[in-house]
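With positions in the sequence shown counted from 1, the corresponding number in the numbering used here is that position plus 152. Glycine included, every Cβ here is placed at the ideal spot set by N, Cα and C.
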Amino acid sequence: MNNQNINELITTLEKAVNLIESLPTPMGDSEKSNQVDILTIKLRELAHAKKPSHLQGFIDINY
């Protein structure tokens, strides 16, 4: 992945975070909520697989 793609990914993720923060709590429709859950899990799995090897996992990013 080149720097332009990474920057685009970061921008897209920031927009997604802002969008989620703007949603009502709870989201409402359980089917749509489940779809969001599935996509966020898939995103986490894909992102984890592409991280540099010196980052071990979620804990390393947060501490």
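- Boundaries for D181: no alpha helix (DSSP H) harbours it, and the DSSP string shows neither H nor E there.
- Rounded to the nearest angstrom, the gap between the Cα atoms of N155 and S205 is 18 Å.
- Counting only runs that start and end inside the segment 153-205, the alpha helix (DSSP H) elements of at least 4 residues fall at 155-174 and 182-202.
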